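J.: Below you will find the structure I want to go over with you.
Residue numbers (UniProt numbering): 1 to 295.
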């Protein structure tokens, strides 16, 4: 009887070698085309200087019950490729946002543009949510029209550094994770696309009112500090002070910036397997305000 049981156990407990849950190769790796920089080559502290540590490789920022922290690029840009390798806090991180984003909120308070990569903290045993968002001429008084697409990741972002990037050109915005495009936001009209110069920011802060399951779970400072680590910064493109002849950078082999078929296939795969929220598919929302969702 033992000889019959052992083969049965072997069949059911051998680890799977199926790679079906890892994205197909995009075939092109834009992060390799842009030079890395140290933190002080491109950034400065914005707030919470006592809650950050800069070394030769990058910056570590943290949130505790007294403060969070943030940093900002020295220069504003009107287009470009913006990336960083980020490692997130493990364990209970509900209510905590670790963010890497473009914004002109200080130049246009109450009426600013923003392009976000935000990691929404979580509870034990549940994955982080990567939220991408685009809004144009928004404000902090409840009139923001969010364009959120949320993803789970095909890896644990607390184990190692992974590269996250935004490609912003006058024609489109593309979000990348480890060079795999996960979302493309095309310019459909001036009214629905950010065109004013923006700075690049990173931050960690308490967003307990909405970050985790719509505010169901709050930040618990028994688990402080909450830490975000950023290295391998990349910021290449046309600054706000560049000549009008400055050509936007590309995230594909094509000078036009158009994604290849292989890149589109990789993006479609990610959206098929790991997309967990798409504002265009949320029928509770008023889509008269998001005409880019119209078919």
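Positions of the beta carbon are idealized from the N, C-alpha and C atoms, including for glycine. Values in this document were obtained by computation on a predicted structure and should not be read as measured data.
Just the Cα atoms here: how many angstroms apart are residue 211 and residue 94?
T.: If you take the alpha carbons of residue 211 and residue 94, they lie about 7 Å apart.
J.: Considering only C-alpha positions, which residue in the set 83, 125 and 90 is nearest to residue 115?
T.: Closest by alpha carbon: 83.
J.: Helix, strand or coil, according to DSSP, for residue 14 in the structure here?
T.: Any reading at residue 14 is ruled out, since the residue's pLDDT is 34, under 50, leaving its predicted position unreliable.
J.: Touch check for the region 95-108 and the region 243-256: three-plus C-beta pairs under 8 Å?
T.: No, because fewer than three Cβ pairs between the region 95-108 and the region 243-256 fall closer than 8 Å, the two stretches do not touch.
J.: Taking the alpha-carbon of residue 71 as reference, which of 135, 217, 203 and 247 has the nearest alpha-carbon?
T.: The residue with the shortest Cα to Cα distance from residue 71 is 203.
J.: Less than 7 Å between C-beta atoms, sequence neighbours within five positions excluded: which residues of the same chain meet that for residue 246?
T.: Cβ within range, chain order: 238.
J.: Can you name the start and end residues of the alpha helix (DSSP H) that residue 265 belongs to?
T.: Element bounds for residue 265: 261-274.
J.: Would you kindly report the start and end of the unbroken alpha helix (DSSP H) that includes residue 41?
T.: Residue 41 -> alpha helix (DSSP H) spans 39-42.
J.: Flag this pair as yes or no: are the beta carbons of residue 300 and residue 157 separated by less than 9 Å?
T.: The chain is shown from 1 up to 295; residue 300 falls before or after that span and cannot be answered.
J.: Name, in chain order, the residues that DSSP records as bridge partners for residue 57.
T.: Its beta-bridge partners do not exist; DSSP assigns none.
J.: Check the DSSP bridge columns for residue 62 and list the partner residues they point to.
T.: Its beta-bridge partners are 227.
J.: Going by C-alpha to C-alpha distance, which of 64, 111 and 134 sits closest to residue 225?
T.: When only C-alpha atoms are compared, the closest one is 64.
J.: What are the uninterrupted segments assigned as beta strand (DSSP E) that are 3 or more residues long and contained completely in the region 147-201, given in chain order?
T.: Listed in chain order, they are 149-151, 162-168, 172-177 and 180-186.
J.: Please state whether DSSP places residue 301 in a helix, a strand or coil.
T.: Nothing about residue 301 can be reported from this structure: the residues present for the chain run from 1 to 295 only.
J.: Alpha carbons only, please: which of 28, 59 and 46 is nearest the one belonging to residue 230?
T.: For the residues 28, 59 and 46, the minimum Cα distance to residue 230 belongs to 59.
J.: Please name the residue in 234, 227, 137 and 282 whose C-alpha comes closest to that of residue 51.
T.: Closest by alpha carbon: 227.
J.: Residues in its own chain within less than 6 Å of residue 150 by CB, not counting five upstream and five downstream?
T.: So the qualifying residues of the chain are 129, 131, 276 and 277.
J.: If you drop the 5 nearest sequence neighbours on each side, which residues of the same chain put their C-beta closer than 7 Å to that of residue 11?
T.: In this prediction, residue 11 has a pLDDT of 33, which is less than 50 and means its spatial position is unreliable; what the coordinates show is noted afterwards. Same-chain partners within the cutoff: there are none.
J.: Counting Cβ pairs, one atom from each stretch, are 3 or more of them under 8 Å apart for the region 173-184 and the region 27-34?
T.: The region 173-184, when compared against the region 27-34, does touch it at the 8 Å Cβ threshold.
J.: Going by Cα to Cα distance, which pick from 57, 262 and 66 is closest to residue 47?
T.: Residue 47 has its Cα closest to that of 66, out of 57, 262 and 66.
J.: Find the nearest neighbour of residue 190 within the set 113, 73 and 160, judged by alpha-carbon distance.
T.: The candidate whose alpha carbon is nearest that of residue 190 is 113.
J.: Buried or exposed for residue 193, please, with buried defined as at least 16 other CB atoms from any protein chain shown within 10 angstroms of its CB.
T.: Classification for residue 193: buried.
J.: CB residue 127 to CB residue 104, shorter than 9 Å?
T.: No.
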